[in-house]
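To start, the structure itself, in structure tokens.
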Amino acid sequence: MKTLGKWLFLSLIIVSSPVRAALDIIITEGVDAARPIAVIPFVWQGAGAAPEQISDVVMSDLIRSGAFKPLDELGLPQRNISSVSQFVAKDWSSIGAEAVVMGSIKPYGNDQYLVTFDLVDLVKAQMQQGAGPQSNSEYLIDSRETVISAAQFRQYGHRISDLVYEELTGIRGAFLTRLAYVVVKHGEKSPYQLMISDYDGYNEQMLLRSSEPLMSPSWSPDGRKLAYVSFENKKAEIFIQDIYTQSRNKVSSFNGINGAPVFSPDGKKLALTLSKDGQPEIYVIDIATKALKRVTNHYAIDTEASWFPDGKSLIFTSERGGRPQIYKVTLASGKVQRLTFEGEWNLGGSIAPDGRSMIFVNRTNGKFNIARMDLETRFMQILTSTRLDESPSVAPNGTMVIYGTTHQGKQVLGAVSTDGRFKARLPAGQGEVKSPSWSPFL
Amino acid sequence: MDLNKLFKAMLVVLPIMALSACSSTSESETDATSSTSGSGSELATGGVETGGVAPILTPEEQQRLKYQELRKEHIIYFDFDRSLVSAQFAEVLQAHGNYLVEHPNVRLMIEGHADERGTPEYNIALGERRAKAVAKYLQGMGVLPSQMSIVSYGEEKPLDMSRTDDSFAINRRAVLVY
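Heads up: the protein sequence lines correspond to chains A and B, in order.
Reading the first sequence from the start, the letters are residues 1 to 442 in the UniProt record's numbering.
Reading the second sequence from the start, the letters are residues 1 to 178 in the UniProt record's numbering.
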């Protein structure tokens with residue numbers, strides 16, 4: 001009965017917000033390093049006003065990737081073409097961009113639209129100028145035609161961005177991904193909210209709202225579930241919640257800390273921090289059987305585990321050297337090795353998806369910033385210059401990091417490319433935003 | 001008759017005045033003091049003035065009153081990244097400890113908190129260590145471990161959100177909740 005009351009008290013509601021990004025983007029650094037690209041607004045071939053413009057989504061994705069800088073649409077020599085067959089190479093000879101994105105949207109029956117898109121190699125077209133008549137199709141890098149519903153406009157825009165990004169960079173695009181984060185509205189009756197949104201802040205939805213803190217959301221590898229810490233019973237407990245069915249499962253409720261949950265790469269286990277045996281230690285719990293395996297054993301603080309992609313080792317934060325530093329532990333042998341030595345503190349690490357580098361929080365001269373270290377060379381680079389940075393989470397393609405930071409006295413999200421060249425702030429409308437977690441590829 | 005009434009009024013008024021003098025550091029009070037010197041008060045009716053003395057408290061009673069005041073303090077502050085209980089909180093903790101020892105059925109919740117520097121999960125660990133340091137301190141005075149429970153909120157429940165050095169200091173705390 002008591003638990004039933006708690007369930008009623010916690011409002012498990014899904015609220016859809018209108019088509020608007022919950023998180024804005026303000027790019028603070030790195031536009032100059034981005035590669036110019038031309039995106040022609042997709043040609044609407046129906047009656048009346050065009051529905052949502054897919055090319056706006058593509059343009060915004062390319063800007064947010066930090067890799068591309070779309071040219072001003074008004075300066076493009078051809079602005080009403082939708083396929084490579086209409087492309088006139090000589091008109092584009094002086095345009096400093098490597099590729100042109102174009103397409104069309106046509107009504108296709110009840111609530112359906114036919115969307116086409118062509119990606120044209122502008123460099124090739126410019127180089128072959130004067131080399132005699134060429135077939136336009138030779139410039140075509142990619143071309144697609146798909147029927148979508150009205151509700152799929154943004155999603156399909158992200159899909160096109162993925163294709164463009166991968167064709168031009170060789171790296172898989174991460175535009176069809178989501179973020180999970182915690183919004184805190186101090187002063188409200190239930191200030192703590194667990195939210196998810198598209199990676200760009202659109203389609204924000206509330207998964208859970210509570211009067212007590214919510215922490216450390218972490219995605220399952222299939223992008224379907226979130227593990228997180230909730231204090232709804234006046235103590236730290238770990239739950240796993242299905243983002244589609246809303247079903248919730250309490251996984252860990254030992255005495256003391258139940259914290260820092262992270263799914264194993266196969267999705268069957270969670271690494272977590274428990275202090276039930278004294279000091280905070282790293283454990284691995286089998287989600288189905290609840291079998292618990294202790295990984296670390298030290299009188300100092302051990303916490304914040306992150307898995308290597310092969311699932312055979314973890315990194316974690318430990319104070320065993322006197323100050324928080326990042327260590328690696330091999331699960332089979334229990335062998336522990338220190339990874340970080342630079343700066344005063346290093347903590348909150350996660351392994352990049354390729355397993356070759358690590359993103360973490362570094363403290364140097366009392367300042368907390370996001371840093372990256374190559375695991376082989378041990379070369380460390382501080383990526384950010386914002387204030388009180390914490391909770392870094394790497395995009396599934398390894399190119400971008402989203403993290404919690406403080407701007408003008410308020411907790412907001414920040415983004416930085418893993419090469420440190422692109423920096424952006426993602427201000428939210430109301431409340432403080434923290435603990436971001438980037439989903440896997442969806 | 002009148003005298004008897006006055007005497008009764010005096011009995012009620014004086015201890016209250018003595019108590020309020022204890023709790024206040026303000027100078028703009030009535031002339032009542034907690035010492036044994038005489039005090040007077042002008043009653044609204046009759047225009048007479050009464051005189052009297054504060055009750056003589058035994059050392060035990062004085063101590064109890066003092067502890068009662070000290071127990072109103074229920075926040076212990078810590079240095080950055082530290083969980084050592086500072087000597088300046090010895091008296092406050094003594095007051096809470098004695099009370100808990102005298103009342104073994106009373107239970108105490110100790111909340112550990114951290115400032116916003118560092119990562120949220122590291123701060124959960126740090127907050128727990130602070131709460132445990134206070135629990136250990138009280139246990140050393142004879143408080144039963146079964147009387148105390150601990151929860152760490154890390155940096156999730158700051159008292160002051162201005163994120164200056166002063167606010168960080170206010171947020172690094174253990175809170176005693178009965």
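Ideal placement from N, C-alpha and C gives every residue a C-beta, glycine not left out.
Asked                                                                                                                                                                         : Found
What does K235 (chain A) touch in chain B if you count any residue whose Cβ is under 8 Å from its own?                                                                        : V151
Compute the beta-carbon to beta-carbon distance between N171 (chain B) and A131 (chain B), rounded to the nearest angstrom, for a pair I have assumed lies under 8 Å.         : At roughly 14 Å, the Cβ-Cβ gap does not stay under 8 Å, so N171 (chain B) and A131 (chain B) are not in contact.
List, in order along the chain, the chain B residues whose C-beta lies closer than 8 Å to that of H186 (chain A)?                                                             : M161
Here's the rule: buried if 16 or more other CB atoms are within 10 angstroms of the residue's CB, otherwise exposed. What is S24 (chain B)?                                   : Low local confidence applies: a pLDDT of 38 at S24 (chain B) is under 50, so the model's placement there is unreliable, with the coordinate-based value given in what follows. Exposed, because fewer than 16 other Cβ atoms sit within 10 Å of the Cβ of S24 (chain B).
Using the three-state DSSP reduction, which class does Q408 (chain A) fall into: helix, strand or coil?                                                                       : coil
My parser needs the beta strand (DSSP E) runs of 3 or more residues fully inside the segment 147-199 of chain A; what are they?                                               : 178-184 and 192-198
Using a 10 Å radius around the Cβ and a threshold of 16 neighbouring Cβ atoms, would you call A38 (chain A) buried or exposed?                                                : buried
By the three-class DSSP mapping on this structure, what secondary structure does D389 (chain A) have?                                                                         : strand
With a cut-off of 8 Å, does the C-beta of M206 (chain A) fall near any C-beta of chain B?                                                                                     : no
What in chain A is Cβ-close to R117 (chain B), meaning under 9 Å?                                                                                                             : R363, G366, F368, L388 and E390
Considering only DSSP beta bridges, list what W92 (chain A) is partnered with.                                                                                                : Its beta-bridge partners do not exist; DSSP assigns none.
Note down, one range per segment and in chain order, each alpha helix (DSSP H) of at least 4 residues found wholly within the UniProt domain "OmpA-like" (65-178) of chain B. : 90-102, 120-140 and 165-171
Under 8 Å, do S306 (chain A) and G349 (chain A) count as touching if we go by C-beta distance?                                                                                : yes
Tell me which same chain residues have a C-beta within less than 7 Å of the C-beta of L292 (chain A), skipping the five on either side of it?                                 : Y283 and I285
Below 8 Å on the Cβ atoms is my contact criterion, and I expect A300 (chain A) with E319 (chain A) to pass it. Report the Cβ-Cβ distance as a whole number of Å.              : 4 Å
Quick one: grab the DSSP three-state call for S137 (chain A).                                                                                                                 : helix
Along chain A, in chain order, which residues have C-beta atoms closer than 7 Å to that of A125 (chain B)?                                                                    : I257, P280, I301 and T303
Since F175 (chain A) and S161 (chain A) are thought to touch, with beta carbons under 8 Å apart, how far apart are those beta carbons, to the nearest angstrom?               : 4 Å
Residues in the same chain with beta-carbon distance under 7 Å from Y156 (chain A), minus the five sequence neighbours each way, listed in chain order, please.               : I54, V115, T146 and I148
So what's A47 (chain A) in DSSP terms, helix, strand or just coil?                                                                                                            : coil
Do R224 (chain A) and Y244 (chain A) count as a contact pair if the criterion is CB distance below 8 Å?                                                                       : yes
Taking the alpha-carbon of M215 (chain A) as reference, which of A:K250, A:Q193 and A:G429 has the nearest alpha-carbon?                                                      : A:Q193
Within this structure, are the beta carbons of P261 (chain A) and L274 (chain A) separated by less than 8 Å?                                                                  : no
For L347 (chain A), go through chain B and note every residue whose CB falls closer than 9 Å to its CB, in chain order.                                                       : G118, T119, E121 and Y122
With distances taken between CB atoms, is the gap from S252 (chain A) to E237 (chain A) smaller than 8 Å?                                                                     : yes
Take G414 (chain A) and list the residues in its own chain whose beta-carbon comes closer than 6 Å to its own, dropping the five residues that flank it on each side.         : T386, Y403, T405 and R425
For chain B, is any of its Cβ atoms less than 8 Å away from the one on T296 (chain A)?                                                                                        : no
For L4 (chain A), count neighbouring Cβ atoms within 10 angstroms of its own Cβ and tell me buried if that reaches 16, exposed if not.                                        : Note that L4 (chain A) has pLDDT 44, beneath the 50 cutoff, so the model's placement of it is unreliable and the number below is only indicative. With fewer than 16 other Cβ atoms within 10 Å, it is exposed.
For a test of the three-state rule: what should DSSP assign to L119 (chain A), helix, strand or coil?                                                                         : strand
Report yes or no: is there a C-beta of chain B within less than 8 Å of the C-beta of L10 (chain A)?                                                                           : Annotation note: pLDDT 43 at L10 (chain A) (below 50); position unreliable, no value reported.
Counting C-beta neighbours from all protein chains within 10 Å, is the total for P145 (chain B) 16 or more, i.e. buried, or is it exposed?                                    : exposed
Three-state secondary structure (DSSP) at K423 (chain A)?                                                                                                                     : strand
Under 7 Å Cβ-Cβ, which residues of chain A neighbour K157 (chain B)?                                                                                                          : P213
With distances taken from CA atoms, which of B:P104, B:A169, B:G112 and B:Q68 is nearest Y153 (chain B)?                                                                      : B:G112
Are the C-beta atoms of G409 (chain A) and some chain B residue less than 8 Å apart?                                                                                          : yes
Could you tell me which chain C residues have their CB closer than 8 Å to the CB of S197 (chain A), listed as they occur along the chain?                                     : Within the model displayed, chain C is absent; protein chains A and B are what it includes.
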